[in-house]
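>
Protein chains: 2
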Amino acid sequence: MSLLNHPSTSISSSSSAFLGRDHRRLKTRPHNVLLPAKRSWICKCVATPPAEVTAYKTKVSRNANMAKLEAGYLFPEIARRRAAHMLKYPDAQVISLGIGDTTEPIPDVITSAMSKRSDALSTIEGYSGYGAEQGEKLLRATIASTYYANLGIEEGDIFVSDGAKSDISRLQVLFGSEVTMAVQDPSYPAYVDSSVIMGQTGQYQKDVGYGNIEYMKCTPENGFFPDLSTVPRTDVIFFCSPNNPTGSAATRDQLTQLVQFAKDNGSIIVYDSAYAMYMSDDNPKSIFQIPGAKEVAIETSSFSKYAGFTGVRLGWTVVPKELQFSDGFPVAKDFNRIVCTCFNGASNIAQAGGLACLSPEGIKAMHDVIGFYKENTEIIVKTFNSLGFNVYGGKNAPYVWVHFPGQSSWDVFAEILENTHVVTTPGSGFGPGGEGFVRVSAFGHRANVLEACRRFKELYK
Amino acid sequence: MSLLNHPSTSISSSSSAFLGRDHRRLKTRPHNVLLPAKRSWICKCVATPPAEVTAYKTKVSRNANMAKLEAGYLFPEIARRRAAHMLKYPDAQVISLGIGDTTEPIPDVITSAMSKRSDALSTIEGYSGYGAEQGEKLLRATIASTYYANLGIEEGDIFVSDGAKSDISRLQVLFGSEVTMAVQDPSYPAYVDSSVIMGQTGQYQKDVGYGNIEYMKCTPENGFFPDLSTVPRTDVIFFCSPNNPTGSAATRDQLTQLVQFAKDNGSIIVYDSAYAMYMSDDNPKSIFQIPGAKEVAIETSSFSKYAGFTGVRLGWTVVPKELQFSDGFPVAKDFNRIVCTCFNGASNIAQAGGLACLSPEGIKAMHDVIGFYKENTEIIVKTFNSLGFNVYGGKNAPYVWVHFPGQSSWDVFAEILENTHVVTTPGSGFGPGGEGFVRVSAFGHRANVLEACRRFKELYK
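Chains as they are written, first to last, in full-length UniProt numbering: chain D, 1 to 461; chain E, 1 to 461.
1) Does any CB atom of chain D fall closer than 9 Å to the CB of glycine 388/E?
2) State yes or no: is the beta carbon of arginine 140/D nearer than 9 Å to at least one beta carbon in chain C?
3) Provide the residue(s) that pair with arginine 140/E in DSSP beta bridges, ordered along the chain.
4) Determine the extent of the beta strand (DSSP E) in which tyrosine 271/E is found, giving its start and end residues.
5) Can you name, in chain order, every residue of its own chain whose Cβ lies under 8 Å from the Cβ of serine 128/D, other than the five neighbours on each side?
6) Return the chain-ordered list of same chain residues with a C-beta closer than 6 Å to the C-beta of tryptophan 41/D, the five sequence neighbours on each side being excluded.
7) Could you please tell me which residues of the region 247-276 of chain E, in chain order, have their CB closer than 9 Å to any CB of chain D?
8) What are the residues in the region 84-109 of chain E lying within 8 Å of chain D by C-beta distance?
9) In three-state terms, what does DSSP make of valine 312/D?
10) Going by other Cβ atoms of all chains shown within 10 Å of its Cβ, with 16 needed for buried, is residue 467/D buried or exposed?
11) Once you ignore the five residues that flank histidine 445/E on each side, which residues in its own chain have a CB closer than 6 Å to its CB?
12) Are the C-beta of cysteine 240/D and some C-beta of chain E separated by less than 9 Å?
13) What residues in the region 177-188 of chain E bring their beta carbon closer than 8 Å to a beta carbon of chain D?
14) Are there any heavy atoms of the ligand GDP lying less than 8 Å away from the beta-carbon of aspartate 119/D, as far as the coordinates show?
15) In whole angstroms, what separates the C-alpha of glutamate 322/E from that of phenylalanine 261/D?
16) Counting C-beta neighbours from all protein chains within 10 Å, is the total for residue 472/D 16 or more, i.e. buried, or is it exposed?
17) Quick check on this structure: which residue in Val402/D, Trp316/D, Val312/D and Lys305/D has the alpha carbon closest to the alpha carbon of lysine 370/D?
18) According to DSSP, is glutamate 104/E helix, strand or coil?
19) Tell me which same chain residues have a C-beta within less than 6 Å of the C-beta of aspartate 334/D, skipping the five on either side of it?
20) Closer than 9 Å, CB to CB, is serine 428/E near chain D or not?
21) Tell me, please, whether the region 380-400 of chain E touches the region 233-241 of chain D by the rule of three or more beta-carbon pairs shorter than 8 Å.
22) By Cβ distance below 7 Å, which residues in the same chain neighbour arginine 39/E in space, the five residues on each side in sequence not counted?
23) Does DSSP put tyrosine 191/D in a helix, in a strand, or in coil?
24) What number of angstroms, rounded off, separates the C-alpha of valine 423/D from the C-alpha of serine 187/E?
25) Of all the CB atoms in chain D, is at least one closer than 9 Å to the CB of proline 76/E?
26) Indicate the three-state DSSP secondary structure (helix, strand or coil) for threonine 420/D in the structure shown.
27) Does the beta carbon of arginine 446/E sit closer than 9 Å to a beta carbon anywhere in chain D?
28) So, helix, strand or coil for methionine 279/E, using DSSP?
29) Do threonine 142/D and leucine 355/D come within 9 Å of each other at the CB atom, strictly closer than that value?
30) Taking only beta-carbon atoms, is lysine 59/D less than 9 Å away from chain E?
31) Where serine 161/D and isoleucine 95/D are concerned, what is the direct C-alpha to C-alpha distance, given to the nearest angstrom?
32) Less than 9 Å between the beta carbons of isoleucine 363/D and threonine 146/D, yes or no?
33) Quick check on glycine 388/E: does DSSP put it in helix, strand or coil?
34) Tell me, please, whether the region 276-286 of chain E touches the region 308-317 of chain E by the rule of three or more beta-carbon pairs shorter than 8 Å.
35) To the nearest angstrom, how far is the alpha carbon of residue 489/E from that of glutamine 134/D?
36) Is the region 109-119 of chain E in contact with the region 324-331 of chain E, if contact means three or more CB pairs nearer than 8 Å?
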């Protein structure tokens with residue numbers, strides 16, 4: 001039986017008229033969920049209070065910014081849908097190419113450093129308590145010399161953390177509620193969601209996004225680099241390259257434009273380079289390769305996708321000493337205060353792992369793992385190309401951005417899940433500009449990637 | 001030569017007149033440091049911008065809340081002073097009874113679980129990537145059954161984190177800038193500092209504290225429990241028991257009063273129980289032992305002081321499903337959203353350690369380490385008692401709160417450091433109500449504690 005003829009396919013495709021109606025109703029119910037509740041298992045995230053809740057209410061008002069947030073954070077929402085799908089099809093072999101979670105074991109040279117550090121913690125000589133909130137000196141210095149050699153970035157500019165996502169939120173706390181911000185559209189949802197939480201935005205409007213955020217459209221037409229001549233000034237510009245979700249990487253010329261744009265406007269760029277080691281093209285791997293960037297940019301990055309540290313948790317943020325607020329106060333000094341007050345340093349065991357990552361053997365091992373995922377990417381790109389889709393990304397990032405013109409991303413997501421048991425990520429989850437796309441992640445065991453591609457071919461042949 | 005006659009002692013004691021003048025000047029220089037810069041090595045934390053800073057400034061305004069913060073966060077400030085002291089006296093054997101950092105090795109049963117988990121991460125079967133942001137299900141369930149058995153707290157109410165300090169700041173982000181808050185005075189500085197950062201407070205005023213915060217005085221006179229009849233209503237009440245820094249623990253009767261007070265006012269208590277396992281008296285170890293507390297309280301705790309995890313980083317926060325904002329929205333749902341958006345879960349290796357902590361052997365091992373520190377506490381208490389000081393705390397917490405009536409805490413801190421090379425913590429660093437006290441931490445190797453006490457006896461005999 002062709003997967004296309006699976007009964008539920010017709011449910012998916014015939015539901016678009018219903019969706020249209022439901023979308024109109026949503027406008028009058030702003031606190032409702034982002035997505036139409038087509039099936040009972042969808043959208044548990046913003047449910048009504050559970051039945052067992054007591055009658056007593058405090059007199060503390062709910063933070064109005066929290067109420068602005070649409071639906072659940074994207075990836076837990078996908079995890080919930082995946083779980084619901086598995087309940088519905090308990091025997092299905094579900095494959096996740098969705099949330100961008102690494103699957104390959106961490107190289108020995110790295111895990112053995114972590115287990116050694118763990119063991120040492122039970123000895124008097126090897127025990128250590130609180131470390132510096134900013135990270136261990138040697139790790140900070142090694143990150144600086146490995147990723148920012150000859151760029152004028154020094155140990156003191158590096159803040160080691162439990163990951164880029166946490167750092168993004170700490171940066172938002174640093175900036176406060178009065179700043180304005182711009183994001184690439186589509187983009188990693190933590191930028192926008194943390195901005196909403198901090199009160200930087202207005203209300204959400206369907207197909208438009210949150211008020212007071214500049215969505216810089218990144219489309220196939222502009223090569224996924226925004227037309228900066230049409231972007232109004234904002235205080236902060238979030239920019240991710242190689243990009244999640246589109247997989248595209250900005251060229252040196254484009255990044256030079258971006259830095260000049262920030263400089264002209266007095267803006268601060270928060271540059272997310274978490275995928276820099278996936279770059280095949282000869283583009284800059286750090287914003288600080290662009291002259292003058294240290295005066296206008298912060299860079300955040302992570303070991304998550306380099307060493308499979310998504311569960312181990314280790315990242316870093318570079319705040320150059322040259323970066324200043326309008327009154328001349330160094331941004332790094334305020335970020336240091338945030339880190340000291342709101343954080344207590346990354347796990348010392350994870351930091352030992354980070355140091356091992358940056359040894360010669362560790363760097364080679366990371367490149368091997370990255371190379372493996374890049375082969376996965378090629379397989380996925382070829383599959384969708386062969387099916388006649390327009391496919392973007394993939395070359396410089398572990399994400400493939402597949403175009404389904406005129407279709408709802410969540411419909412396509414549901415169609416793929418229902419028919420192939422493969423979890424992807426709906427493009428519209430990354431912002432209004434992602435509508436009509438689906439992100440396919442290359443993180444997966446080879447056999448699963450091959451099997452997923454076989455099923456894609458079955459569905460879309 | 002008696003330590004009392006050391007030349008610099010007279011500098012310390014004669015400096016009070018100078019301090020008085022300097023304090024008055026501070027009022028006209030609100031962005032200056034909290035402490036008089038008696039010596040050049042003091043107060044590097046709010047220095048003028050470094051010389052190498054470039055001329056370019058962005059047009060992004062500095063977050064006005066950050067500018068409100070006085071001086072550096074307390075503990076990094078103490079670390080800086082300790083470092084400066086070591087520069088001045090390179091041959092001194094400096095002993096730290098200051099920042100409350102654990103010193104004893106982590107029991108084998110716990111570290112071996114962490115090294116096993118590290119090693120497993122390099123195998124296909126043992127690898128795991130992103131975990132649930134809220135923590136691993138088994139760990140959440142085990143925390144619930146270990147610390148909250150029969151209290152109606154379930155796995156889903158537990159949010160595992162990288163430590164209580166991070167959670168406090170996430171809770172502040174949850175509450176937002178519009179809430180009012182109360183703290184015990186003195187209290188752990190992260191409560192107030194994170195409140196300032198989130199914009200909940202007014203400006204700082206010397207000897208008074210920040211505007212718009214209710215400082216609930218906890219003194220020997222009221223048995224370190226605030227007179228609630230004089231405390232105005234606030235949205236949030238931070239309460240720590242056993243208390244850091246005073247070492248006192250609230251009784252069941254006092255906590256019942258506190259819960260009733262919150263209920264009458266519709267307030268939310270954030271209850272910090274990070275030292276509960278140090279309790280000798282028969283007081284409640286959790287706020288949820290008080291009937292009705294689940295409707296008005298959040299509890300945050302940590303493995304830091306139980307298992308020596310200050311560097312490993314693992315804690316948890318309990319947000320009961322019964323706790324509601326004034327509109328009936330469950331607080332846990334918003335906290336879940338914060339955790340999912342601003343955090344990516346605690347390190348999986350640390351979580352393996354947490355689970356081992358809660359095994360029967362792990363619990364016994366934690367009690368052994370805690371027992372060791374409690375012996376240290378007794379030694380310190382006896383020492384100061386024998387010297388005629390009024391001493392508080394110690395019995396239910398690893399902190400001894402020593403009274404130096406009429407003296408400046410920072411002066412006493414400096415006097416002790418200068419004359420004994422022992423680092424303590426000045427009481428006023430915990431709020432205006434801590435003035436005239438010094439906190440002595442019982443975290444230390446036995447030999448160091450004994451030697452520090454010998455030096456105290458020399459100085460104060």
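Ideal Cβ placement from N, Cα and C applies to all residues, glycine included.
Short version:
1) Under the Cβ distance rule, glycine 388/E does not count among the residues neighbouring chain D, no pair being separated by less than 9 Å.
2) Annotation note: the requested chain C is absent from the structure, which comprises protein chains D and E.
3) Under the DSSP definition of a beta bridge, arginine 140/E lacks any partner.
4) For tyrosine 271/E, the enclosing beta strand (DSSP E) covers residues 268-272.
5) Within the same chain, serine 128/D has close Cβ partners Leu121 and Asn348.
6) Reliability of the predicted coordinates at tryptophan 41/D is poor, the pLDDT of 31 falling under 50, and the value obtained from them is presented with this limitation in mind. Closer than 6 Å at the Cβ level, and outside the excluded window around tryptophan 41/D, lie Ala84.
7) If the cut-off is 9 Å between Cβ atoms, the region 247-276 of chain E has Ala262, Lys263, Asn265, Gly266, Ser267 and Ile268 near chain D.
8) Under the 8 Å Cβ criterion, the region 84-109 of chain E contributes Ile99, Asp101, Thr102, Thr103, Glu104, Pro105, Ile106, Pro107 and Asp108.
9) The answer is coil: DSSP assigns valine 312/D none of H, G, I, E or B.
10) Nothing can be reported for residue 467/D, as the shown portion of chain D is limited to 1 through 461.
11) Cβ neighbours of histidine 445/E beyond the five flanking positions: Thr103.
12) Contact of cysteine 240/D with chain E is not assigned, every C-beta pair being separated by 9 Å or more.
13) Considering only beta carbons, the part of the region 177-188 of chain E lying closer than 8 Å to chain D consists of Ser177, Glu178 and Val179, in chain order.
14) This structure lacks the ligand GDP, and indeed carries no ligand of any kind.
15) About 50 Å.
16) Examination of residue 472/D is not possible in this model, given that chain D is present from 1 through 461 alone.
17) It is isoleucine, not lysine, that sits at residue 370/D in the sequence shown. Of the residues Val402/D, Trp316/D, Val312/D and Lys305/D, the one whose Cα lies closest to the Cα of isoleucine 370/D is Lys305/D.
18) Glutamate 104/E sits in coil when the DSSP states are folded into three classes, being neither helix nor strand.
19) Only Leu174 meet the Cβ criterion.
20) False, the Cβ-Cβ gap to chain D never drops below 9 Å.
21) Taking one beta carbon from each stretch, the region 380-400 of chain E and the region 233-241 of chain D have fewer than 3 pairs nearer than 8 Å; the two do not touch.
22) With a pLDDT of 33 at arginine 39/E, under the threshold of 50, the modelled position of that residue is not reliable, and no figure is offered here.
23) The answer is helix: DSSP assigns tyrosine 191/D an H, G or I state.
24) Each residue's Cα considered, the two are about 48 Å apart.
25) The Cβ of proline 76/E sits closer than 9 Å to at least one Cβ of chain D.
26) In the structure shown, threonine 420/D sits in a helix (DSSP, three-state: H, G or I).
27) The beta-carbon of arginine 446/E is placed no less than 9 Å from the nearest beta-carbon of chain D.
28) In this structure, DSSP gives methionine 279/E a state outside helix and strand, which the three-state scheme calls coil.
29) The answer is yes: Cβ separation under 9 Å.
30) By this cut-off, lysine 59/D is an interface position.
31) About 31 Å.
32) Yes, the Cβ-Cβ distance between isoleucine 363/D and threonine 146/D is below 9 Å.
33) Here glycine 388/E sits in coil by DSSP.
34) Here the region 276-286 of chain E does not lie against the region 308-317 of chain E, with fewer than 3 beta-carbon pairs under 8 Å apart.
35) Past the boundaries of the shown model lies residue 489/E; chain E is included only from 1 to 461, so the question cannot be answered.
36) Too few Cβ pairs lie closer than 8 Å, so no.
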